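Protein chains in written order, with the working numbering: chain Z, 17 to 363; chain F, 14 to 293.
All residues carry an ideal CB built from backbone N, CA and C; glycine is no exception.
This structure is a prediction, so every number in the text was calculated from the model and none was measured.
Below is one structure, written out as structure tokens; the observations come after it.
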Ligand SMILES: Nc1ncnc2c1ncn2[C@@H]1O[C@H](COP(=O)(O)OP(=O)(O)OP(=O)(O)O)[C@@H](O)[C@H]1O
Ligand SMILES: [Mg+2]
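Below is the structure:
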């Protein structure tokens, strides 16, 4: 009896959200997510879906790179595996959306395990290069295994079949993608409340003493690769349903760099960091474009002049973050939180 | 209360380890009897930490055997040894600095937990239950016991050196040790911290029934709490016996003199006779 009550106290102490303020923020955020599709126009809905896809993938990469310390430039290739799987299944079978997405994740997870094998021997930059090598091989497979991948032309994707309805509008896809991404983010947060997440962090911080604590390195590194590429595969599957076509040019090394940049800008080893990083990287170019459009009536020759400025501004923003906020946006949020915590009205 | 473990017996049999031409350990044999505290002492560079690294599986000795309750573990993979009941602390603290004290301690239990990846992602159900049981047990048997209640939520990096050493002991205890290897548990501690640590180590032996092998330079502490002392010099055993016997041994005195710091030695020996840890 006493143990039971003690356990309940500990449950509260180890909950994901502990304070009322945190619950209030979550409630507000949920409200925004639910209300958004009713207020956003089609263009912003398109962006919201893209954010959901990118958050799912960035969170996966954050598990591998941010929490386990295994630097990967293969996230784009793993997404491609998920996207191709979904495309193929949508053409060859009439299987529903959720089954295909899950299959995309599982196939990507399997490929991720294979790609992760060198991680027992190589680390850091060397591992990053090894994952690029794997991406090149996958790219070759996509291009040349024509009977399955459609070769250079790629594959068209039939609309998602969700319990009999086909999802074609951004409004419909939003309602399919956002819950999946929310589930995946919550799953990732849960992971780091258990032995598995602790083992990942231990490997990142000191892999040799992790072994003496009873953590088999290879098994956990491969597990991290599997989870991370499962996330990428699911994200890639959503991507396929979103753009309705997959080809060898859909996911290049640039996508992999995009996700690495997203977790660095957002905050490595922080769930919040993956979310804000991916959101930032997806939306900031659009916001800058918006700025450019506002300015264009006042600038002659605007199109030619402002579009490169936008690209440069985006690149410069990333560099500024690396220099001034190496811990990422998540760290800024923490600082703001601490500030308000010490606010005179709140003790 | 926690169920006491059956203490383990550790046998080192003809162990040799060399790095290139350097023989860090040269045909060393000794036993650590179940439920006792054995101290492994010797001048700097004698091979004590290397011996620990062989026992926990970091280093692969070229010759000899390590037996745990009679079972040969010389080639056993380190994570498996952890599961069998080997636990250790490190000479230069190997805590996870970014994690809280509590998470560091919980990490120690890893090998004995069962939550798989799917249960971890879902959390509610099996994972939550296992985590809460662990938390309750850690609070009751380790955090209270080692008197670290006030720091449980602090990141390790913010703690004093002495407290970090205590947290490392806590993590080792969370591993359900049947043999505990402590590499210089009181190095760099002041008198009071040393006495606390000595008391904790004795309590672990008595209440947990754990076999303990300890490397330590603080002779006062060694003389006070150990049941048996093994002295290494240049990778070889030069003396062994009860603390009092070893202290008088001319070989031991010579070895420490040879290490070039006789003044420090005399101080250590003096500390030994005047009784370092009162609590013992
Ligand atoms: N990984 C290694 N590579 C090469 N030489 C090593 C290695 N580890 C230890 N040695 C050498 O082995 C010898 C024994 O070192 P060890 O660390 O075991 O000594 P120790 O008794 O623990 O000393 P201290 O009291 O200073 O901690 C030393 O000469 C050391 O330089
Ligand atoms: Mg040493």
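Review point. By Cβ distance below 6 Å, which residues in the same chain neighbour residue 253 (chain F) in space, the five residues on each side in sequence not counted?
Key: Along the second chain, read from residue 1 onward, the residue named residue 253 (chain F) stands at position 240. Closer than 6 Å at Cβ, skipping near neighbours: 243.
Check your understanding: Of all the options F:21, F:236 and F:176, which has the alpha carbon lying nearest to the alpha carbon of residue 117 (chain F)?
Key -> Taking the second chain and counting its residues from 1, the one referred to as residue 117 (chain F) is at position 104. Minimum Cα distance to residue 117 (chain F) is reached at F:176.
Practice item. Determine, using beta carbons only, whether residue 146 (chain Z) and residue 242 (chain Z) come nearer to each other than 8 Å. Key: Along the first chain, one-based indexing puts residue 146 (chain Z) at 130. Along the first chain, one-based indexing puts residue 242 (chain Z) at 226. Not in contact: residue 146 (chain Z) and residue 242 (chain Z) (Cβ atoms no closer than 8 Å).
Check your understanding: Quick one: Cα of residue 233 (chain Z) to Cα of residue 133 (chain Z), how far?
Key -> Here residue 233 (chain Z) corresponds to residue number 217 of the first chain, with the count starting at 1. Here residue 133 (chain Z) corresponds to residue number 117 of the first chain, with the count starting at 1. For residue 233 (chain Z) and residue 133 (chain Z), the distance between alpha carbons rounds to 11 Å.
Point to revise | 6 Å CB neighbourhood of residue 179 (chain Z) in its chain, flanking five on each side removed | key: Reading the first chain from its first residue, position 163 is the one you call residue 179 (chain Z). Closer than 6 Å at the Cβ level, and outside the excluded window around residue 179 (chain Z), lies no residue.
Review point. What residues match up with residue 227 (chain F) in a beta bridge as DSSP calls it?
Key: Here residue 227 (chain F) corresponds to residue number 214 of the second chain, with the count starting at 1. Beta-bridge pairing links residue 227 (chain F) to F:52 and F:195.
**Study point:** Beta carbon of residue 128 (chain Z) nearer than 8 Å to that of residue 250 (chain Z)
**Key:** Sequence index remark: in the first chain, residue 128 (chain Z) carries index 112 (1-based). Sequence index remark: in the first chain, residue 250 (chain Z) carries index 234 (1-based). Taking 8 Å as the Cβ cut-off, residue 128 (chain Z) and residue 250 (chain Z) do not qualify as a contacting pair.
Review point. Hey, quick one: how far does the beta strand (DSSP E) through residue 24 (chain F) stretch, first residue to last?
Key: For the purposes of this step, residue 24 (chain F) is taken as the residue at position 11 of the second chain. Start and end: 23 to 32.
**Study point:** DSSP beta-bridge partners of residue 36 (chain F)
**Key:** Here residue 36 (chain F) is taken as the residue at index 23 of the second chain, counted from 1. According to DSSP, residue 36 (chain F) bridges with F:31.
Review point. Can you tell me whether DSSP reads residue 262 (chain Z) as helix, strand or coil?
Key: Translated into the one-based positions of the first chain, residue 262 (chain Z) becomes position 246. Of the three classes helix, strand and coil, the one that applies to residue 262 (chain Z) here is strand, per DSSP.
Point to revise | Chain-ordered neighbours of residue 215 (chain Z) on chain F, where CB pairs are closer than 9 Å | key: The sequence position of residue 215 (chain Z) within the first chain is 199, counting from 1. 120 and 123, listed in chain order.
Point to revise | Secondary structure of residue 174 (chain Z), DSSP reduced to three states | key: Mapped onto the first chain, residue 174 (chain Z) falls at position 158. Residue 174 (chain Z) falls in the coil class under three-state DSSP.
Practice item. Rounded to whole angstroms, what's the CA-CA distance from residue 292 (chain F) to residue 208 (chain F)? Just pull it up for me. Key: As a first step, residue 292 (chain F) must be located in the second chain, where it is residue number 279. As a first step, residue 208 (chain F) must be located in the second chain, where it is residue number 195. Only weak support is given to the placement of residue 292 (chain F): the predicted model assigns it a pLDDT of 33, under 50, and the question is left unresolved by the model.
Check your understanding: Does any CB atom of chain F fall closer than 8 Å to the CB of residue 195 (chain Z)?
Key -> In the first chain, residue 195 (chain Z) corresponds to position 179, counting from 1. Chain F, which has no Cβ nearer than 8 Å to the Cβ of residue 195 (chain Z), makes this no.
Check your understanding: Does the separation of the CB atoms of residue 121 (chain F) and residue 21 (chain F) fall below 8 Å?
Key -> Taking the first residue of the second chain as position 1, residue 121 (chain F) is located at position 108. Taking the first residue of the second chain as position 1, residue 21 (chain F) is located at position 8. No, they are not a contact pair.
Review point. Helix, strand or coil: how does DSSP classify residue 161 (chain F) here?
Key: Counted from its first residue, the second chain places residue 161 (chain F) at position 148. Of the three classes helix, strand and coil, the one that applies to residue 161 (chain F) here is coil, per DSSP.
**Study point:** Buried versus exposed, by CB contacts within 10 Å (16 or more), residue 227 (chain Z)
**Key:** Numbered from 1 along the first chain, position 211 holds the residue referred to as residue 227 (chain Z). Its Cβ being crowded by 16 or more others within 10 Å, residue 227 (chain Z) is buried.
Check your understanding: Using a C-beta cutoff of 8 Å, does residue 262 (chain F) count as contacting chain Z?
Key -> By 1-based counting over the second chain, the position of residue 262 (chain F) is 249. Closer than 8 Å: no.
Point to revise | residue 62 (chain F) CB to nearest heavy atom of ligand 2 below 7 Å | key: Taking the first residue of the second chain as 1, we reach residue 62 (chain F) at position 49. Residue 62 (chain F) Cβ: within cutoff of ligand 2.
Check your understanding: Going along the chain, which residues of its own chain have a beta-carbon closer than 6 Å to the beta-carbon of residue 37 (chain F), five neighbours each way excluded?
Key -> Within the second chain, residue 37 (chain F) is the residue found at index 24, counting from 1. So the list reads 30, 60, 63 and 248, once near-sequence residues are dropped.
Check your understanding: Taking just the CA atoms, how far does residue 52 (chain Z) sit from residue 196 (chain F)?
Key -> Counting from 1 along the second chain, the entry for residue 196 (chain F) is found at position 183. Counting from 1 along the first chain, the entry for residue 52 (chain Z) is found at position 36. Whole-angstrom Cα-Cα distance: 58 Å.
Exercise for review: Report yes or no: is there a C-beta of chain Z within less than 8 Å of the C-beta of residue 149 (chain F)?
Suggested key: Taking the first residue of the second chain as position 1, residue 149 (chain F) is located at position 136. Chain Z contact via Cβ: present.
Review point. Does residue 43 (chain F) have its Cβ less than 8 Å from a Cβ in chain Z?
Key: Taking the first residue of the second chain as 1, we reach residue 43 (chain F) at position 30. Residue-level contact by beta carbon fails for residue 43 (chain F) and chain Z, as no gap is shorter than 8 Å.
Point to revise | Proximity winner among Z:334, Z:30 and Z:224, relative to residue 140 (chain F) (alpha-carbon distances) | key: In the second chain, the residue the question calls residue 140 (chain F) occupies position 127. Measuring from the Cα of residue 140 (chain F), the nearest candidate turns out to be Z:30.
Review point. Name the residues in the stretch 101 to 112 of chain F whose C-beta lies less than 8 Å from a C-beta of chain Z; which are they?
Key: 101, 103, 107, 109, 110, 111 and 112
Check your understanding: Expressed to the nearest angstrom, what Euclidean distance is found between the alpha-carbon atoms of residue 28 (chain F) and residue 67 (chain F)?
Key -> Here residue 28 (chain F) is taken as the residue at index 15 of the second chain, counted from 1. Here residue 67 (chain F) is taken as the residue at index 54 of the second chain, counted from 1. Looking at the two C-alpha atoms, the distance is approximately 9 Å.
**Study point:** Buried versus exposed call for residue 290 (chain F) [16 or more other C-beta atoms within 10 Å across all chains shown]
**Key:** Stepping through the second chain from its first residue, residue 290 (chain F) is reached at position 277. Low confidence applies here, because residue 290 (chain F) scores a pLDDT of 37, under 50, leaving its location unreliable and the question unanswered by this model.
**Study point:** Strand pairing of residue 221 (chain Z), partner residues [DSSP]
**Key:** Reading the first chain from its first residue, position 205 is the one you call residue 221 (chain Z). Per DSSP, none; premise fails for residue 221 (chain Z).
Review point. According to DSSP, which residues form a beta bridge with residue 230 (chain Z)?
Key: Along the first chain, one-based indexing puts residue 230 (chain Z) at 214. According to DSSP, which records beta bridges pairwise, residue 230 (chain Z) is partnered with nothing at all.
Exercise for review: Would you mind sorting residue 237 (chain F) into buried or exposed? The rule is 16 or more other CB atoms within 10 Å of its CB.
Suggested key: As a first step, residue 237 (chain F) is located in the second chain; it is residue number 224 there, counting from the start. Buried, since its Cβ has 16 or more Cβ neighbours within 10 Å.
Check your understanding: Measuring CB to CB, does residue 56 (chain Z) end up less than 8 Å from residue 302 (chain Z)?
Key -> Position 40 of the first chain, counted from the first residue, corresponds to residue 56 (chain Z). Position 286 of the first chain, counted from the first residue, corresponds to residue 302 (chain Z). No; because the gap between Cβ atoms is not below 8 Å, this pair is not in contact.
Review point. Would residue 292 (chain Z) pass as a contact of residue 345 (chain Z) if the rule is Cβ separation under 8 Å?
Key: In the first chain, counting from the first residue as 1, residue 292 (chain Z) sits at position 276. In the first chain, counting from the first residue as 1, residue 345 (chain Z) sits at position 329. Residue 345 (chain Z) is positioned such that its CB atom lies closer than 8 Å to that of residue 292 (chain Z).
Practice item. Please look up how many angstroms separate the CB atoms of residue 143 (chain F) and residue 126 (chain F), rounded, as I've assumed it's under 8 Å. Key: Mapped onto the second chain, residue 143 (chain F) falls at position 130. Mapped onto the second chain, residue 126 (chain F) falls at position 113. Contact flag correct, Cβ pair sits at about 6 Å.
Practice item. Give me whichever residues DSSP pairs with residue 84 (chain F) in a beta bridge. Key: Walking along the second chain from the start, residue 84 (chain F) turns up at place 71. Residue 84 (chain F) is bridged to F:81.
Point to revise | residue 326 (chain Z) to residue 177 (chain Z) span [Cα, whole Å] | key: Position 310 of the first chain holds residue 326 (chain Z). Position 161 of the first chain holds residue 177 (chain Z). Taking the straight line joining both Cα atoms gives about 38 Å.
**Study point:** Beta carbon proximity, residue 232 (chain Z) to chain F, threshold 8 Å
**Key:** Within the first chain, numbered from 1, the residue matching residue 232 (chain Z) stands at position 216. By the rule that beta-carbons nearer than 8 Å mark a contact, residue 232 (chain Z) touches chain F.
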